[in-house]
Amino acid sequence: WFWDARSFAVAGRAIELPAAVMNAAQNVAFSPDGSRLATGQNDGYVRLWDVETRRALGPAFEHGGLVNGVAFSADGRRIASTNGAGETAKVWDVTTGRQIGPTLRHQGVVWGVAFHPAGELLVVRSNDPGANLWHWQTGTNLSIYMPHPAGVGDAVFSPDGRTLLTVTVAGRDEESRVVRRWSFPPIPTTRREAEVRTSLFTGVRRVGPDDAYVVLTPEDWRNYQAELANMDERPVASEDGSRVSR
């Protein structure tokens, strides 16, 4: 169902799910521009819908199991989905409907997922404390950068991507019952900056037209660090219109 956010009245007709969906959509998410809706169902599929017409857009994405989480990337080009029973997360190309990147596998139940605003990183909400933060294109587990004593019950990025807040799964010890705040690098202003920052963070770099990856060599590290240092010296506009260093 769709609802008017001001009047709380039903807005237009509902989306009718296929007969194969025995209960209901487990999770829904609007695209950033509001034109599409993604739904995850207990029949193992992610479906895209046109918000205006309420009609399905293209074939469904087959994740498998019970799809209990869906999320769009900030540019609307990708959808991430999770399967709680199968303990997996996957990323899909919205245009082609094909999975991109490897399946991200967890040791515990998965509850949902969120993209970093820059699109390179993925936070998976799961009771697996060893696998929460991913460089999803390569399947690189980056949870060493944000260790948790327990699984992550909820997570949200700030709009600028500089901060991530996580809530650990409630435990008996005091250390588990806290909200944690994590700091991230600035959102890249160019594709090259995104590549450099991601490579320095993950230790790999993209090569070739097929998005293959190789491990950074010591020379790569030196060159990327020098390039990033030059980028960080570029002047940018502050809130009051003056020019300041990054």
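Residue numbers (the working numbering): 1330 to 1575.
Cβ atoms here follow ideal geometry from the backbone N, Cα and C, with glycine treated the same way.
- Less than 8 Å separates the beta-carbon of VAL1375 from that of ALA1367.
- Scanning its chain for C-beta atoms nearer than 8 Å, with the 5 sequence neighbours on each side dropped, one finds around ARG1427 the residues TRP1421, in chain order.
- Looking at GLY1441, VAL1452 and GLY1394, the one whose alpha-carbon comes closest to that of LEU1462 is VAL1452.
- Residue ALA1389 holds the alpha-carbon nearest to the alpha-carbon of ILE1408 among ALA1541, ARG1534, GLY1437 and ALA1389.
- For the 8 Å CB-CB criterion, GLY1398 and GLY1441 form a contact.
- Annotation: LEU1471 to LEU1494 spans about 16 Å, alpha carbon to alpha carbon.
- A direct Cα-Cα distance of roughly 9 Å separates ALA1338 from PHE1331.
- Proximity to ASN1356 across SER1512, ALA1443 and GLY1387 peaks at ALA1443, based on C-alpha coordinates.
- According to DSSP, residue pairing for LEU1462 in a beta bridge involves VAL1452.
- Nearest neighbour of ARG1510 by Cα position, chosen from ARG1491, SER1528, GLU1522 and THR1527, turns out to be ARG1491.
- Listed in chain order, the beta strand (DSSP E) elements of length 3 or more contained wholly in the region 1337-1407 are 1354-1359, 1365-1370, 1374-1379 and 1396-1401.
- Only residues of its own chain outside the window of five on either side were considered, and among them PRO1458 have a CB closer than 8 Å to the CB of PRO1476, listed in chain order.
- In the DSSP annotation of this structure, LEU1471 is not part of any alpha helix (DSSP H), being labelled neither H nor E.
- Residue pairing by DSSP places GLN1428 opposite TRP1421 in a beta bridge.
- With a beta-carbon spacing of about 4 Å, HIS1435 and GLU1416 fall inside the 8 Å limit used to define contacts.
- With a contact defined as Cβ atoms closer than 8 Å, GLY1373 and GLY1394 qualify at about 5 Å.
- In terms of Cα proximity to ILE1344, the closest of ARG1335, GLN1370, PRO1361 and ALA1334 is GLN1370.
- In the three-state reduction of the DSSP assignment, THR1527 falls in the helix class, which pools H, G and I.
- Between PHE1486 and GLY1341, the alpha-carbon positions lie close to 31 Å from each other.
- Counting C-beta atoms within 10 angstroms of its own C-beta, THR1382 has fewer than 16 neighbours from the protein chains shown and is therefore classed as exposed.
- Looking at the backbone, the Cα of THR1527 and that of THR1519 are separated by about 12 Å.
- The C-alpha of VAL1498 is placed about 32 Å away from the C-alpha of LEU1346.
- Comparing C-alpha distances from GLN1466 to each of TRP1550, ASP1379, MET1560 and THR1531 shows the shortest one belongs to THR1531.
- Assigned with DSSP and collapsed to three states, ASP1561 falls in helix.
- Taking a 10 Å sphere around the C-beta of GLY1387, we find fewer than 16 other C-beta atoms and assign the residue as exposed.
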